[in-house]
Amino acid sequence: MLSRKLPFAGLHSHAIIYLSAKGYRPADDDTDDESQGVYKALYKQMWSQNATARPTINKVITTIDVLICP
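Going by the numbering used here, the letters in the sequence shown line up with residues 1 to 70, in that order.
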């Protein structure tokens, strides 16, 4: 989202599934922007290996709403 690049661009869907299962995640760019930091924290939670640690869709929507309309 922040890099404006597709994660795993150019890889076959099977390769993406394999890499994801092995814990590989797209690189995240360092940022000093507070709102981008919140986005980064959110997408790291969404990519969690532990399914129970991932936020609910309601939590995702609430977080994005707060960022868009503070």
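All residues carry an ideal CB built from backbone N, CA and C; glycine is no exception. Given the structure is predicted, the values throughout are model-derived calculations rather than measurements.
Quiz item: Counting pairs of beta carbons, one from the region 52-69 and one from the region 17-29, are three or more of them closer than 8 Å?
Solution: Counting Cβ pairs under 8 Å, fewer than three are found: no touch.
Quiz prompt | Proximity of Ile-17 and Phe-8 at Cβ, strictly below 7 Å | solution = Position 17 of the sequence shown, counted from the first residue, corresponds to residue 17. Position 8 of the sequence shown, counted from the first residue, corresponds to residue 8. Cβ distance not < 7 Å, so Ile-17 and Phe-8 don't count as in contact.
Quiz prompt | Start and end residues, alpha helix (DSSP H) containing Asn-58 | solution = Walking along the sequence shown from the start, residue 58 turns up at place 58. First-last of the alpha helix (DSSP H) with Asn-58: 57-68.
Exercise. Please name the residue in Ser-48, Tyr-43, Tyr-39 whose C-alpha comes closest to that of Val-66.
Key: The residue labelled residue 66 in the question sits at position 66 within the sequence shown. The candidate whose alpha carbon is nearest that of Val-66 is Tyr-39.
Exercise. Measure the CB-CB distance between Leu-42 and Thr-63 and report whether it falls below 7 Å.
Key: In the sequence shown, counting from the first residue as 1, residue 42 sits at position 42. In the sequence shown, counting from the first residue as 1, residue 63 sits at position 63. Cβ distance < 7 Å, so Leu-42 and Thr-63 count as in contact.
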